[in-house]
Structures are given as structure tokens and as C-alpha cells.
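Student: Okay, here's the structure, questions in a sec.
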């Protein structure tokens, strides 16, 4: 198993982009709910290359969550192929999928999903515990990850002692700690105020500049504009696939945003 | 994922919920503690029963004169006058399983020493008595066979009698009066304690030669009983049969007629007491085991609540790369850690309880290592058994559903 998963280099990938990180071919997904069959994805094909920053847009029920779950190896397509870094993921069993999630995918969720009563440091270490990484190495990486998102001084704080933006940054650090190939963010700004949302986008843009492939699911066009490319989902299909024009730089936007007074 | 890492994760998860973890352990603590304390009490009782039986004399048989039926009125054991000195001689001579024997008859009398007096049992016997009953002397010696032959006025006293008549005075060589007849004290017996089978103070006694008792005090020439020691515990049953045969023959009892004597084998009593104590241990142990099972159910209950409550956590762990096996092992190890830690604390509380029982209730307590080992193994088994189902449930969760769980 380990042979098929090459240990990827840290965040700074070579931006050659000669091969797609994600290749999805004619993916269908049905859910059987008793009598009725829900057709969540009706033939989705897409290719995402290394170093891209893709937003996935669309109304709820359009299939973007299902697509996200399949990309994240939490779910399997009913038919079609999904190839992640040359591995045909749609053929793997549960245990192999868990390994892929651990090594190749970093998740960021809307609700942060940090473990309560667990320090920022320990939350970030969590993926390394499942990754055959030594304790010292895990600690070191967790600390580096936290510094990368600007929380090097908050390592021993509990989630309840951190603001929403800080919690989301801990979640991003956790997603990065095993040096994944892709970062999957599912409505990462949904629970945040507009300034904090831009701060998170700033982090994403900076990580992307260093070569990390990012896929961002959102229904807010304001957030999606920070990505380089947008996929629009409707009725289980990709309806539009376009490059973002006039992409703003989050750090510049932040300079012009008022800091909210409490 | 290596086991140490999973144990670490499980320990952290338990540490996040300290109060709950401790309350969950409490069931096991009480269960293991109860098993150890109760089995210790039971084994203590067993040991005490064995000691009391050993105190009555080893391999002993008690031959008593029999019952008589006079015009429909049954007189009870010891009513016949047919058991005599010659019977004892015959038993010693003709029964190969018999090692030694001592005759006996008894009465109660008022005993006077100086200004003190005391009512006690007077037993007439021979020097073999002390050997048959394995009863050592604290001071002085026994009267001799010559004293028996000459019906000398000599006496051996028990500890209770010494205490009541002599106090601080040295008794050996002093003269006491039994029914106004002077007796010289030759020895004091060591303390024997209360008899297990009969519940009487065995030290409240004065022993004099059988002939002296018969001729000078009671005026009766028959025996109440003969104490016999067999050559071994196993041989006591053979001895019982041989004595019965000899006595039936000597008393000319025809086949089909009832014995006019009674042979009681103390090995029977010993066995019965042993069985009772064993039953007591099993009873106490099984009641305590039930509390251990209840403790296990408590663990299962809490683990199930914990799995439901931590559904989201399970989802997160699966999303970041935990396999089903990792999740199952984590919850199973949490259950085992709870039950083992509870078991360890339970051992200490069980030992503490045993100690308290010994020192406050003065019950004999025997802590057995076997009970401790069994408790540890059992509590671990409880953890595995009752932790398995919740762990399986956790591992089977769908990560997508689990992440959405509120």
C-alpha cells in the first residue's frame, strides 16, 4: 500500500503542473432512499492541476457537497473514475481510503471541528498520530504548522479560548500537518465575520502561492473571487468552469477594511 | 498505527472527562474491592475453622457410652454403664488403626484454693489424654500412670481455672480442695480456647487420675467416654469401624441390635466445617462478582453514551485518517483502561477493607494472591467484553454522517 503513495514534498511543490493532481471522469453518485433514488452527481468530469486554487460554487442540492466528499475520499462514486495523484481512489477499500485521507488530503470545515478540551498543539498533532510519525517529529511539525498560520504563540490555548478566526487557523494548521497534496475547504468562512473571512482567504492565497493545491467549496461569490478558477454546480453537473478575472489579493483587501469595534 | 499511540490517545480522551472516567471506574473499584474483601473474609473463616478443628486434637475419635431405652424413655448419650476400662484396653490392643486412647469420666465440683473458690468441670482420665488431644503444658507436667494406678490426689488445671483460683500465685506444687479432698497441682495446661464444635471454654477444667475420680468423688466405676487417636487422618474411618466391631463383640450385641455406645469421628466434623466455610467463601465471592458484572455494565453504558456524544469527534478522526480499526481500538482500550485502572484501585480498596474488617470487627481475614490475580484478569475481561460492542459501534460510523452530527 505504502508503495503506491509517494511521500509528497512539503507545501512547496514544483509548479511544473505536467500532471493533474485530481482527475475526475464521468462520476455519478446515487443515493437510494427507500423508494426514491436521489441522483446527486450526473456525470462530472474535471481535472485539477498542481498549484491550482479552485472554488466550487452552486446552490445547495446542486451536488457540490457530494463532489467534495468524493474528492475527500469520504465517499465513493457509484460509477466513474477518480484518480488522485495517479492512484485510482475509486477502487480502494476503506482502510486504504483512510490512509489517503491521512497522507494526501487536508480538511478544513465550516464548523472548525476541533476537539474540545484539547490544546491547539494537540489538535494539530492529531493527524500525525495516525501517520506513523514519531512523537517528536509530530510535535515539531505541529508547531511549524501553527507558526505557518500565525498561531505560534497560541499553541497551548484550548479552542474555547480562541476566536472563530483563530480556531479556523488551528484547523488549517491541522490540515497541513501531514503535508498533503490537496487542501479541501468546505465553507471555511461560513461561520466567520467578513473581515476574518478575508484573513482566512489571505492565508489560503499565501499557501497557494507556495504551491499548495486548494479546493474551496462556498456559496458566497465574495469568497470565491479569491480563487483562481471557479466550478459552478447545478443539478449534479458542472455547468460552468471559468478562470477568475480581476482576482483580488486578500492582503490588499484587508488594508482597506475597517477593523470592527466591539 | 502502533499500540502505544492508541493507548496515548485513549488516555487523553479519558483525561478530558475526568469526573466521568472516575465515576465509571467506581463500579469496577467496588466490584473488585468487594470480591477481594469478601473472599478474604471467607478464606479467613475457612482457616479459622481448620484451626479450631486442629485444636480439638488431630485424628481424634470420641467414643461415648450409649443411650438406653427404659420403658420407652430414652436417656440420651452417656446413660449406659457398660463402657468400662477394659473396653479401652481392648481398643488399644485389638484395633490396628488406633494409636492411643484415654479413658474419661467427668463431674462438676466446687474447687477451693485459699480464700478463692470456683465451680468447674472435673475430668478423670489418664496421662495419654494430653497426647491424644495434642494439648501441651504451660507449666509443670502431667500426673503419671503410677498416679492412676494408685489413685493419687494429683491434678492438672486449665488456664481458666488457674486465672480464677490462683491469680498471680504459682500453682504448681500448691494444694487445692475438690469436694474437701486435697489435691496437689502438678501442671497447668496451655490455653486451648473455645471449642469450635461445642462452643464451650475448654480451659475451664481440672484433670485428675480416672481412678481417683471414680473411687473418691463419683463412686462410679464405668466410663463416660474414651478419647481415641487414630494413626492418621485417613485411618480414622478404619479406626471407627474397628472400635465398633470390638465394642459390639465385648458388649455381646447381636447383629441387628442397636449399639449401646456411640463413636464420633472428628474428621467428619472437620470435613463438614471445611465444607461450610468453603460454601461461605463461594457465596460471598459470587455475590461480590455480581457487583463486578454490574460495574462492567456501567462501563458499557458510559461507553455507549460516550460514542454517541463523541460522534463528531469520531467523524473528525476518520476524516483526518483514522481507520475503522484505529477507532475501534481506541474505544476498546478506553474501556480496558477504565476497567484495569478501576481494578487496580479496587485491589487497594479491597485490601484496605480486609484490613479494616480484621481490626474493627476482629474477624479472621486471609488475603489470597489468587483472589487478587483473578480480580485483575476478571476486570480486564469485563473491559474487553463490555467495551467491544460500543467500540464496534463507533468504528462502524459513516464519517460523513458523523461529521454532520450535532
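Protein chains in written order, with our numbering: chain A, 1 to 262; chain B, 1001 to 1406.
By construction, the Cβ of each residue, glycine as well, lies at the ideal position given by its N, Cα and C atoms.
What residues from the stretch 56–88 of chain A come within 8 Å of chain B, judged by C-beta to C-beta, listed N to C?
Tutor: 69, 72, 74, 75
Student: For the stretch 1323–1349 of chain B, enumerate the residues whose C-beta is nearer than 9 Å to any C-beta of chain A, in chain order.
Tutor: 1323, 1324, 1325, 1326
Student: By alpha-carbon positions, which one of B/1013, B/1360, B/1045 ends up nearest to residue 1273 of chain B?
Tutor: B/1045
Student: Can you give the beta carbon distance from residue 1038 of chain B to residue 1288 of chain B, rounded, assuming they're within the 8 Å contact cut?
Tutor: 4 Å
Student: Rounded to whole angstroms, what's the CA-CA distance from residue 11 of chain A to residue 183 of chain A? Just pull it up for me.
Tutor: With a pLDDT of only 40 at residue 11 of chain A, under the threshold of 50, the placement of this residue in the model should not be trusted; the figure read from the coordinates follows. Annotation: residue 11 of chain A to residue 183 of chain A spans about 10 Å, alpha carbon to alpha carbon.
Student: Using the rule of at least 16 other Cβ atoms within 10 Å of the residue's Cβ for burial, across every protein chain shown, is residue 1004 of chain B buried or exposed?
Tutor: exposed
Student: Run through DSSP, which three-state label would residue 233 of chain A get?
Tutor: Three-state result, residue 233 of chain A: strand.
Student: With a threshold of 16 other CB atoms inside 10 Å of the CB of residue 130 of chain A, please say whether the residue is buried or exposed.
Tutor: buried
Student: Taking residue 1227 of chain B and residue 1132 of chain B to be in contact with their CB atoms under 8 Å, please state how far apart those CB atoms are, rounded to whole angstroms.
Tutor: 5 Å
Student: Rounded to whole angstroms, what is the Cα-Cα separation between residue 1224 of chain B and residue 1120 of chain B?
Tutor: 17 Å
Student: Between B/1027, B/1008, B/1042, which has its C-alpha nearest residue 1275 of chain B's C-alpha?
Tutor: When C-alpha distances from residue 1275 of chain B are compared across B/1027, B/1008, B/1042, the shortest belongs to B/1042.
Student: Out of curiosity, what's the CA-to-CA distance linking residue 1082 of chain B and residue 1357 of chain B?
Tutor: 50 Å
Student: Is residue 65 of chain A helix, strand or coil by DSSP?
Tutor: DSSP places residue 65 of chain A in helix when its eight states are reduced to three.
Student: If contact is defined by three or more beta carbon pairs under 8 Å, each pair taking one atom from either stretch, is the stretch 44–63 of chain A in contact with the stretch 207–221 of chain A?
Tutor: Contact between the stretch 207–221 of chain A and the stretch 44–63 of chain A is present, because at least three Cβ pairs lie under 8 Å.
Student: Checking contacts by CB at 7 Å: is residue 1394 of chain B closer than that to chain A?
Tutor: no
Student: By the 10 Å Cβ neighbour count, where 16 or more other Cβ atoms means buried, how is residue 1348 of chain B classified, buried or exposed?
Tutor: Counting Cβ neighbours within 10 Å, residue 1348 of chain B comes out exposed, since fewer than 16 surround it.
Student: For residue 130 of chain A, name the three-state secondary structure that DSSP assigns.
Tutor: coil
Student: How many angstroms separate the CA atom of residue 1099 of chain B from the CA atom of residue 1138 of chain B?
Tutor: Distance between residue 1099 of chain B and residue 1138 of chain B, taken at the CA atoms: about 24 Å.
Student: Output yes or no for whether 7 Å exceeds the beta carbon distance between residue 1031 of chain B and residue 1256 of chain B.
Tutor: no
Student: According to the Cβ coordinates, are residue 1345 of chain B and residue 1006 of chain B closer than 7 Å?
Tutor: The answer is no: Cβ separation not under 7 Å.
Student: List the residues of chain A whose Cβ lies closer than 9 Å to the Cβ of residue 1025 of chain B, in chain order.
Tutor: Result: empty, since nearest Cβ-Cβ is about 19 Å, beyond 9 Å.
Student: Compute the Euclidean distance between the alpha carbons of residue 1214 of chain B and residue 1233 of chain B, then round it to the nearest angstrom.
Tutor: Pairing residue 1214 of chain B with residue 1233 of chain B, the inter-Cα distance amounts to about 32 Å.
Student: For the stretch 1203–1220 of chain B against the stretch 1106–1123 of chain B, do three or more pairs of beta-carbon atoms, one drawn from each stretch, fall closer than 8 Å, so that the two count as touching?
Tutor: Using a C-beta cut-off of 8 Å, the stretch 1203–1220 of chain B makes contact with the stretch 1106–1123 of chain B, since at least three inter-stretch Cβ pairs fall below that distance.
Student: Going by C-alpha distance, which of B/1391, B/1186, B/1053, B/1161 is nearest residue 1304 of chain B?
Tutor: B/1391
Student: So does residue 1167 of chain B have its beta carbon nearer than 6 Å to some heavy atom of the ligand HEM?
Tutor: Among the components of this structure there are no ligands whatsoever, and the ligand HEM is therefore not found.
Student: What residue does the beta strand (DSSP E) around residue 112 of chain A start on, and which one ends it?
Tutor: Where residue 112 of chain A is concerned, there is no enclosing beta strand (DSSP E), given that its DSSP letter is neither H nor E.
Student: Quick one: any contact between the stretch 160–169 of chain A and the stretch 71–90 of chain A, if contact means 3 or more CB pairs under 8 Å?
Tutor: no
Student: Residue 151 of chain A touches chain B at which residues, Cβ-Cβ below 9 Å?
Tutor: The contacting residues do not exist; residue 151 of chain A stays about 18 Å from chain B at best.
Student: Along the chain, where does the beta strand (DSSP E) that runs through residue 1100 of chain B open and close?
Tutor: 1098–1113
Student: Given that residue 1005 of chain B touches chain A, what residues does it touch there, using C-beta distances under 7 Å?
Tutor: 129
Student: Residue 1127 of chain B and residue 1142 of chain B - do their beta-carbons sit closer together than 7 Å?
Tutor: In contact: residue 1142 of chain B and residue 1127 of chain B (Cβ atoms closer than 7 Å).
Student: Does the stretch 20–37 of chain A come into contact with the stretch 75–93 of chain A, if we say contact requires no fewer than three beta-carbon pairs (one atom in each stretch) closer than 8 Å?
Tutor: A contact is defined here as three or more CB-CB pairs under 8 Å, and the stretch 20–37 of chain A meets this definition with respect to the stretch 75–93 of chain A.
Student: Can you pull the DSSP bridge partners for residue 1118 of chain B?
Tutor: Answer is B/1111.
Student: Determine the direct distance from the alpha carbon of residue 88 of chain A to that of residue 106 of chain A, and round the result to whole angstroms.
Tutor: Straight-line Cα distance between these residues: approximately 18 Å.
Student: With a threshold of 7 Å between beta-carbons, can residue 92 of chain A be considered close to chain B, or not?
Tutor: no
Student: Among A/186, A/239, A/255, A/258, which residue has its Cα nearest to the Cα of residue 224 of chain A?
Tutor: A/186
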